[in-house]
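In what follows, a single structure is set out as structure tokens and then discussed.
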Amino acid sequence: MSLDKQKTPVEPVSTTIATRHFGEIVVREDQIITFSPGLLGFSDLHRYILIEHGQDSPFLWLQCVDDADLAFVVIDPVYVLNDYQIGPINGVKKELEVQNLQDLKVLVILTIPSGRPREMTANLMGPLLVNLANRRGKQLVLENSPYSHKHPVLPG
Numbered sequence: 002m003s004l005d006k007q008k009t010p011v012e013p014v015s016t017t018i019a020t021r022h023f024g025e026i027v028v029r030e031d032q033i034i035t036f037s038p039g040l041l042g043f044s045d046l047h048r049y050i051l052i053e054h055g056q057d058s059p060f061l062w063l064q065c066v067d068d069a070d071l072a073f074v075v076i077d078p079v080y081v082l083n084d085y086q087i088g089p090i091n092g093v094k095k096e097l098e099v100q101n102l103q104d105l106k107v108l109v110i111l112t113i114p115s116g117r118p119r120e121m122t123a124n125l126m127g128p129l130l131v132n133l134a135n136r137r138g139k140q141l142v143l144e145n146s147p148y149s150h151k152h153p154v155l156p157g
């Protein structure tokens, strides 16, 4: 058998990144989500990964690949508000090249006050959309929205 007919599985390229919360972790390039033009307030940082908070936890960490200190706690908004809707997103679906709606993940960023986790809030006005198929993401700003950028997560 000639070498050109042999198919060798291609290993995904991995890199080690430093993080404040998780120490050094190995990340495959195909795990990196690219947000273009970046998240609000962080337009120069585009590459992030999602890290599970715990096995059965609804919380995830959105860790910046290029800044060890930058990580956000995120959650699927249905855990915060079960009828949450972001409205028409046809332009965003096209921009993120979404072929299948099953590949589109919606997340919201949480703010957790130091020492007062019961007072955590969710930014329902700035959801993150991630195409899991191609790892492209975008943060939306919902204008004229009925939602708040400080929606309580836990009942008062």
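Count the sequence shown with this note's numbering and you get residues 2 to 157, in order.
We put the CB at the ideal spot given by N, CA and C, even for glycine.
Collapsed DSSP secondary structure at Gly92 in the structure displayed: helix
So the candidates are His152, Pro118, Ile113 and Pro114; which of them puts its Cα closest to the Cα of Pro128? Taking only the C-alpha atoms, the option nearest Pro128 is His152.
Per DSSP, Ala72 forms a beta bridge with which residues? Gln64
Spatial neighbours of Glu30 within its chain, please: C-beta separation below 8 Å, excluding the five flanking residues on both sides. Counting only Cβ-Cβ distances below 8 Å, and skipping sequence neighbours, we find Pro13, Val14, Ser15 and Thr16.
To the nearest whole angstrom, what separates the beta carbons of Phe73 and Ile110, a pair I think is in contact under 8 Å? A Cβ-Cβ separation of about 5 Å places Phe73 in contact with Ile110 under the 8 Å criterion.
Using alpha carbons as the reference points, say which of Ser44, Gln32 and Gly55 lies closest to Asn132. Gln32
According to the neighbour-count rule (16 or more other Cβ atoms, all chains shown, within 10 Å of its Cβ), is Phe23 buried or exposed? exposed
If you reduce the DSSP assignment to three classes, tell me which class Val79 lands in. helix
Exposure label - Pro147; buried when at least 16 CB within 10 Å: exposed
Tell me, which residues are paired with Glu1 by DSSP? As displayed, the chain neither begins before 2 nor continues past 157, which places residue 1 out of reach and without an answer.
Let me confirm a value: Leu108 is counted as buried when at least 16 other C-beta atoms fall within 10 Å, else exposed. Which label applies? buried
Beta-carbon within less than 8 Å of Ile76's beta-carbon, same chain only, minus the 5 sequence neighbours each way: which residues are those? Pro59, Phe60, Leu61, Leu108, Val109, Leu111, Ala123 and Val154
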